[in-house]
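Asker: Pasting in a structure now, in structure tokens, and then I'll have a few things to ask.
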Amino acid sequence: MFNDYPVSDWYEPNEEAIKVLNAKEFELIVVHAPWCGDCVYTLPLVKKILSKTPNVKVVDCLVDRQKHDPAGIAEKYQAKRIPTIIALQNGQEVARIIEFPEVTIEQDIAAKLK
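The sequence shown begins at 1 in full-length UniProt numbering and counts up by one.
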């Protein structure tokens, strides 16, 4: 589960991006698995970002090795690789990070929010 990952104690999110995230209404779908090395690295960073953006709703999507989850979220959003982080506004996908961000997680999402 998402809550099983620690909050990063070394990562400091970009302050300007955090301001944008706090000014917008959106939700994140986080597709991950504890056996995935990239997830073990990335999810503590996501938790640090979320600690600074308390109003963001998070959908926790824990998948098995075939990338399936009981609720069918990974299939619905076609998450084929993990971690996949999807930002939704008004139910519409506006940003997607697959495995690694282009810049940082918070900057990539902030740049796509409306």
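Just so it is clear, CB atoms sit at the ideal spot from N, CA and C, and this is done for glycine as well.
1) Please report how far the alpha carbon of Asn3 lies from the alpha carbon of Pro83, in whole angstroms.
2) Does the Cβ of Asp69 have 16 or more other Cβ atoms within 10 Å, making it buried, or fewer, making it exposed?
3) With DSSP run on the structure shown, which of helix, strand or coil describes Ala95?
4) Can at least three beta-carbon pairs, one atom from the stretch 54-66 and one from the stretch 103-114, be found at a separation below 8 Å?
5) Taking residue 117 as the reference, give the member of Tyr5, His32, Glu27 with the closest Cα.
6) Run through the DSSP bridge pairs and tell me what His32 is partnered with.
7) How would you write the range of the beta strand (DSSP E) that Thr84 sits in, first residue to last?
8) Could you tell me if Val103 is buried or exposed, where buried requires 16 or more neighbouring beta carbons within 10 angstroms of its beta carbon?
9) Among Ala95, Tyr11, Lys19, Gly37, which residue has its Cα nearest to the Cα of Val46?
10) Between the alpha carbons of Lys114 and Ala95, how many angstroms are there, rounded?
11) Could you tell me if Pro54 is buried or exposed, where buried requires 16 or more neighbouring beta carbons within 10 angstroms of its beta carbon?
12) So for Lys57, helix, strand or coil by DSSP?
Answerer: This is what the structure gives:
1) Within the sequence shown, numbered from 1, the residue matching residue 3 stands at position 3. Within the sequence shown, numbered from 1, the residue matching residue 83 stands at position 83. When rounded, the distance between both Cα atoms is 15 Å.
2) The residue labelled residue 69 in the question sits at position 69 within the sequence shown. When all chains shown are included, Asp69 counts as buried.
3) Locating residue 95 in the sequence shown gives position 95, where the first residue counts as 1. Residue state, collapsed to three classes: strand.
4) Between the stretch 54-66 and the stretch 103-114, the count of C-beta pairs closer than 8 Å stays below three; the two stretches do not touch.
5) This structure cannot settle anything about residue 117, because the visible part of the chain is limited to 1 through 114.
6) Stepping through the sequence shown from its first residue, residue 32 is reached at position 32. Residue pairing by DSSP puts His32 in a beta bridge opposite Leu62.
7) Position 84 of the sequence shown, counted from the first residue, corresponds to residue 84. Following the DSSP letters along the chain, one finds Thr84 inside the beta strand (DSSP E) bounded by residues 84-89.
8) What you label residue 103 is simply residue 103 of the sequence shown in a count that begins at 1. So Val103 ends up on the exposed side.
9) One-based indexing of the sequence shown puts residue 46 at position 46. Here the closest residue by C-alpha is Tyr11.
10) Your numbering for residue 114 matches position 114 in the sequence shown. Your numbering for residue 95 matches position 95 in the sequence shown. So the alpha carbons of these two residues sit roughly 10 Å apart.
11) Here residue 54 refers to the residue found at position 54 when the sequence shown is read from its first residue. Residue environment analysis places Pro54 among the exposed positions, since fewer than 16 neighbouring C-beta atoms fall within 10 angstroms of its C-beta.
12) Taking the sequence shown and counting its residues from 1, the one referred to as residue 57 is at position 57. Lys57 carries a strand assignment under DSSP once its states are collapsed to helix, strand and coil.
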